[in-house]
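Chains as they are written, first to last, in my numbering: chain Y, 140 to 521; chain C, 1491 to 1890.
Next up, the structure:
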């Protein structure tokens, strides 16, 4: 039992924090957001130089062999910065699929390109009526000789407009929502038959709607055995949940800090409003919600490497439920305690609020995961 | 960061679990599972079993009979004790006055009291709160006037938990009425059989007798019963109140109650369907489990950091243990009402204390549930109400 970080982890945290402090204050973020795909290519390069893009990949594949704890540290910092770069899309989601489904040869080719920052990926999985069901894949992959032909509509593809390549899920057999029959294919984002429509999301990030019509890929574009991809998808999404929980903790920490600071400086009735007990207690309740979220995020981080999918799933659902509820409370109260100025676009707190809220709504909101956990019998055996 | 227990710690957990499994008397275990209170005799019997094993005052320094366990081991011990479920050693002795005596007391006091605390030869109770000094504890008015080699004590204490069983009481008394309110207080040990002491029960809302009022009318106390220095009692009280951090969240106890609740909800039927299959019930329960898991991790953060921390510098996370721990305990007792549904209604006076002798209306497990719900409103009030805890966090951690 040890909650301290190793020397390497501390150095990692320091280097990300430094990048964020030097290059990612709120004004800088506005400039970064004006980049072609809504983020800064230069910051992305710096992430590569710091080794962040190679972080979770094994050393054999050209990575740094970091685990969930390292990802947690990076994501918390990115959360504090409200970073716009496609770290989740490329490194956490697509990187996770490569780690859990791709062949060593595929990884040997792709990981060094990701690590250097030259290759961006996106995971094209969600579909219009899937909501939070990961087995909902109507997109079809039809075998034609040595090739597969893909047809379907992918939705809410995070940073899908910036990606050079897409990892697309498609069904090779069975009916929609069957657990069996799902495959993953790596396709060029500009391949014939792929059309993309990028758009802004509420939190200032970007996503894309992607149509696949008769997209022909060679059989070796498949990641893993076609039809057996769901386990890798679930595992990857579980890792993404742990990572997003950490990002949300970073957002909440910043919101809480800004709010307490505001209570100490804003004066009304001749005194700082932080002298009012009603507001003090609210700030403490935000602190409790934040620390509970931080604690369960550590739990999710610890469980992200668990190979038993059911045990891992329970932990992720517990974390996402707690973080989702904490996010709602901390976010709403951060705006409330800032008063009118909290409503303004020019103040950072509202942007944290928006990002954190979007995190709750991704990969299952609090209620979804609570229902899922309840159906699994909860955390404590009877 | 490595959040798993070491193989040694896991082996230790097995050892502790096996001891509780083999040594905890069945009748005591059954009583606790049913949600009933252990009697004085139960407490004494169990404390002596623990003491024989050397585990009654596990967290004390070794020279006073402690075990020398790491904070993590102490955490595991306490969790397994609560999961057993076994009665915790009487806190007023082992967690409150014991540490004050071995930290601030003189050699004679240590020799006289500490072994008797460990064996529960002396049942201690706490004389801090007064009718006019609750959250504002330093406003206490009970006086101790020095006369030769005695103090003469006059006043009234209240909320004296299990004082009806007590042999001794540790008191905060005002020895200097002219000093600033925190500065004129002393820490005094008093034999409950001393003439002039009257104990009157306070019956709490559920009908149980846990707490008492204690009146002091010219009670003559030997001066040697003063702990530490005169007028320094407030420091000792702060030490005492800050001492009990690990146990305050009661994570193991809440886990045990959830386990019990699941068993009951699996057995209890709504028509033909087990209650546990009710979606809304199950989700409410799942939410409590989520919060409890988060609290458990928060507690482990505190425990793991304890060995490395400077004395007197608590982890900021520790302050939330009391607030969240009490909220969760209350949520469990509240949800337990739903397990019995309408069968929480029948009232049995005995159920709070001693089991019962009349045939129950409805399932026999149902009668302690409503009393527990009513009784557990106390947990967000005692030990510094949750509102006081929030004041403390606002000031000490947020700097407001």
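Idealized CB from N, CA, C, for every residue including glycine.
Distance from the Cα of residue 1521 of chain C is smallest, within the candidate group C/1858, C/1592 and C/1872, for C/1858.
Under DSSP, the beta-bridge partners assigned to residue 297 of chain Y are Y/346. One thing to note: residue 1870 of chain C has its Cβ within 8 Å of the Cβ of residue 1816 of chain C. Below the 9 Å Cβ cutoff, chain C contributes 1493, 1783, 1784, 1786 and 1787 as neighbours of residue 438 of chain Y, in chain order. Between residue 403 of chain Y and residue 1627 of chain C, the C-beta gap is not smaller than 8 Å, which leaves the two residues out of contact. For the stretch 1716 to 1731 of chain C, no residue has a beta-carbon sitting nearer than 7 Å to a beta-carbon of chain Y. Only those residues of the stretch 1496 to 1529 of chain C whose C-beta falls short of 9 Å from the nearest C-beta of chain Y are listed: 1496 and 1499. Per DSSP, the unbroken alpha helix (DSSP H) holding residue 1876 of chain C starts and ends at 1876 to 1886. The alpha-carbon of residue 211 of chain Y is positioned some 17 Å away from that of residue 1494 of chain C. For residue 162 of chain Y, there is no enclosing beta strand (DSSP E); the enclosing alpha helix (DSSP H) covers residues 146 to 162.
Taking 7 Å as the cut-off between beta carbons, none of the residues of the stretch 1577 to 1595 of chain C comes near chain Y. Buried is the label assigned to residue 1789 of chain C, since at least 16 other Cβ atoms lie within 10 Å of its Cβ. Residue burial is scored here from C-beta neighbours: residue 236 of chain Y has at least 16 other C-beta atoms within 10 angstroms and is therefore classed as buried. Using a CB distance cut-off of 8 Å, residue 1741 of chain C does not count as an interface residue toward chain Y.
A straight-line Cα-Cα distance of about 29 Å links residue 1824 of chain C and residue 1621 of chain C. Following the DSSP letters along the chain, one finds residue 1788 of chain C inside the alpha helix (DSSP H) bounded by residues 1769 to 1796. Residue 319 of chain Y carries a coil assignment under DSSP once its states are collapsed to helix, strand and coil. Going by beta carbons, residue 370 of chain Y and residue 322 of chain Y fall outside the 8 Å limit. Assignment of residue 268 of chain Y by DSSP, reduced to helix, strand and coil, places it in the coil class. Close partners of residue 387 of chain Y in chain C (Cβ separation under 9 Å) are lacking, with about 14 Å as the shortest Cβ gap.
In the structure shown, residue 1549 of chain C falls within a coil segment according to DSSP collapsed to helix, strand and coil. Legend: CB atoms of the stretch 1816 to 1836 of chain C lying less than 7 Å from CB atoms of chain Y are not found in any residue.
In terms of beta-carbon proximity, residue 1688 of chain C stays away from the interface with chain Y, with every pair separated by 8 Å or more.
Residue range 1614 to 1617 is occupied by the beta strand (DSSP E) that includes residue 1614 of chain C. When rounded, the separation of the alpha-carbon atoms in residue 489 of chain Y and residue 1781 of chain C is 26 Å. Here residue 351 of chain Y is bridged, per DSSP, to Y/291 and Y/333.
A direct Cα-to-Cα measurement between residue 1685 of chain C and residue 437 of chain Y gives close to 57 Å.
Residue-level contact by beta carbon fails for residue 1711 of chain C and chain Y, as no gap is shorter than 8 Å. Residues of the stretch 141 to 158 of chain Y with a C-beta atom less than 8 Å from some C-beta of chain C are 141, 142, 143, 144, 145 and 148, listed in chain order.
Assigned with DSSP and collapsed to three states, residue 190 of chain Y falls in coil, not helix or strand. For residue 1562 of chain C, a Cβ of chain Y is located within less than 8 Å of the residue's own Cβ. DSSP places residue 1675 of chain C in the uninterrupted beta strand (DSSP E) bounded by 1675 to 1681. Note that the C-beta distance between residue 428 of chain Y and residue 388 of chain Y is not below 8 Å. For the stretch 1554 to 1609 of chain C, the full-length alpha helix (DSSP H) segments reaching 4 residues or more read 1561 to 1573, 1588 to 1594 and 1597 to 1608 along the chain.
Using a CB distance below 7 Å, the part of the stretch 480 to 512 of chain Y facing chain C consists of 509, 510 and 512, ordered along the chain.
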